[in-house]
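Novice:
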Amino acid sequence: MLAPVTEAHFGEEELLALNLESSARYPAFVQELEASSDMSCGYDSEGTLQVARDADEDAVLERLLQFQLELGLEVHRLRPRKCRELEPALSPRIRGGIYVPGDHRIDGRALTEALVIACERAGVRFARAKVASIAVTAGRARGVALSDGRVLASDDVVLSAGCWSGSIEGLPPEARPPVRPVKGQVLVLRGSAQEPLIRRSVRGVGVYAVPRRDGRVVVGATVEERGFDVTVTAGAAHDLLRAAYELVPGVTELELIGVFAGLRPGSPDNAPLLGRSGLDGLVIATGHYRNGILLTPVTADAIAALLATGEIDELIAPFAPARFARHEAFSS
Ligand SMILES: Cc1cc2nc3c(=O)[nH]c(=O)nc-3n(C[C@H](O)[C@H](O)[C@H](O)COP(=O)(O)OP(=O)(O)OC[C@H]3O[C@@H](n4cnc5c(N)ncnc54)[C@H](O)[C@@H]3O)c2cc1C
Numbered sequence: 059m060l061a062p063v064t065e066a067h068f069g070e071e072e073l074l075a076l077n078l079e080s081s082a083r084y085p086a087f088v089q090e091l092e093a094s095s096d097m098s099c100g101y102d103s104e105g106t107l108q109v110a111r112d113a114d115e116d117a118v119l120e121r122l123l124q125f126q127l128e129l130g131l132e133v134h135r136l137r138p139r140k141c142r143e144l145e146p147a148l149s150p151r152i153r154g155g156i157y158v159p160g161d162h163r164i165d166g167r168a169l170t171e172a173l174v175i176a177c178e179r180a181g182v183r184f185a186r187a188k189v190a191s192i193a194v195t196a197g198r199a200r201g202v203a204l205s206d207g208r209v210l211a212s213d214d215v216v217l218s219a220g221c222w223s224g225s226i227e228g229l230p231p232e233a234r235p236p237v238r239p240v241k242g243q244v245l246v247l248r249g250s251a252q253e254p255l256i257r258r259s260v261r262g263v264g265v266y267a268v269p270r271r272d273g274r275v276v277v278g279a280t281v282e283e284r285g286f287d288v289t290v291t292a293g294a295a296h297d298l299l300r301a302a303y304e305l306v307p308g309v310t311e312l313e314l315i316g317v318f319a320g321l322r323p324g325s326p327d328n329a330p331l332l333g334r335s336g337l338d339g340l341v342i343a344t345g346h347y348r349n350g351i352l353l354t355p356v357t358a359d360a361i362a363a364l365l366a367t368g369e370i371d372e373l374i375a376p377f378a379p380a381r382f383a384r385h386e387a388f389s390s
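Residue numbers (our numbering): 59 to 390.
#1: What residue from 231, 114, 135 and 206 has the CA that sits closest to residue 123's CA?
#2: Starting from residue 243, follow its DSSP beta bridges and name the residues at the other end.
#3: Compare the beta carbon distance of residue 155 and residue 107 with 9 angstroms and say whether it is the shorter of the two.
#4: Looking at the structure shown, is residue 289 part of a helix, part of a strand, or coil, going by DSSP?
#5: What do you reckon, is the C-beta of residue 344 under 8 angstroms from a heavy atom of ligand 1?
#6: Under 6 angstroms Cβ to Cβ from residue 221, same chain only, skipping five residues before and after it: list those, please.
#7: Take residue 165 and list the residues in its own chain whose beta-carbon comes closer than 7 angstroms to its own, dropping the five residues that flank it on each side.
#8: Along the chain, which unbroken stretches of the beta strand (DSSP E) at least 3 residues long are found entirely within the segment 158-195?
#9: Go ahead and label residue 193 buried or exposed: buried means 16 or more other beta carbons lie within 10 angstroms of its beta carbon, across all protein chains shown.
#10: Output the distance between the C-alpha atoms of residue 110 and residue 170, rounded to the nearest integer angstrom.
#11: Please indicate yes or no: does the CB of residue 231 lie closer than 8 angstroms to some heavy atom of ligand 1?
#12: Determine the closest residue to residue 129 out of 146, 174, 75 and 138, with distance taken between C-alpha atoms.
#13: Assuming residue 259 is part of the beta strand (DSSP E), what are its boundary residues?
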């Protein structure tokens, strides 16, 4: 999901501004990327419907709506009948909803594939080996040592290894980003492309169902603090399916084609770390947590500008890695 609005949380207004800006850049970013890679990224600008399963959830939605309205976001309160007019497959028990036209979606895997093709065509060379350590001499990052023995020298190094960013060898404590893995499990269901079960992303509290153009529906996602474990569990599949069934009962008629687990790079304040680190020559771009796909264009633009000009885009200034300099986790 590219969901700055339905992902907006109390107290995270600076992050919301970054998320909104990245969302606004998406259409042009996708257009350029699809032209450069000759493939579709499955970008879809249909909005998102956030619904309540019972009176308690409806009260939560109402508070969220007031917060979103205070921030000037475009949201529409819908009665249950209107929700079902938009998405006829919704459960008749739905108590109400919010329609968010600006929360879109993209196929994350297709996006990554397109980026690799576009980068290669633009002359980027990929060294497909693990980074064993950051090479540091005289207090400055000078490149990386790879696990196959090669050393790549460089004036600038960008550390963007997701939740593994904090565990790369060679980093002095003051440059080690305080990121941790936050496990997420999702189910992939196969439905009909001609007669899709749902046309928009449907979100409940703690669960969502996102349609793909080919009829697949992705149901997600758990949020688990289990270190680097990526085991897929029967309990997660049960919980996700049960919660999704309460939103859209027809999900149980679809074919279950996969259960996956991934690791989000979480940071202490749920916001990314973008900019110079405590080590000369090392720039950090990590900690994107739940919104790394959404934040792709703005991250790429700001980090490229920093490398090319030395200037920090004011959009990313609040997310400087140095904000954790005195944080306990930073040096642990
Ligand atoms: C279940 C789930 C659902 C999500 N849904 C959404 C969503 O709807 N919208 C959204 O915007 N975001 C979503 N996210 C979050 C998003 O996937 C992340 O924020 C994003 O992937 C972070 O990107 P990244 O490149 O920083 O890290 P990653 O995607 O984790 O990539 C890091 C890469 O670094 C590589 N690496 C690690 N160590 C080394 C090393 N030593 N040498 C070389 N390479 C290394 C890894 O192999 C990996 O390829 C979701 C995440 C999960 C798990």
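Where a beta carbon is used, it is the ideal one built from N, C-alpha and C, also for glycine.
Specialist: Taking the geometry as given:
#1: 135
#2: 319
#3: yes
#4: coil
#5: yes
#6: 237, 239, 321 and 323
#7: 99, 100 and 270
#8: 189-195
#9: buried
#10: 33 angstroms
#11: no
#12: 75
#13: 259-262
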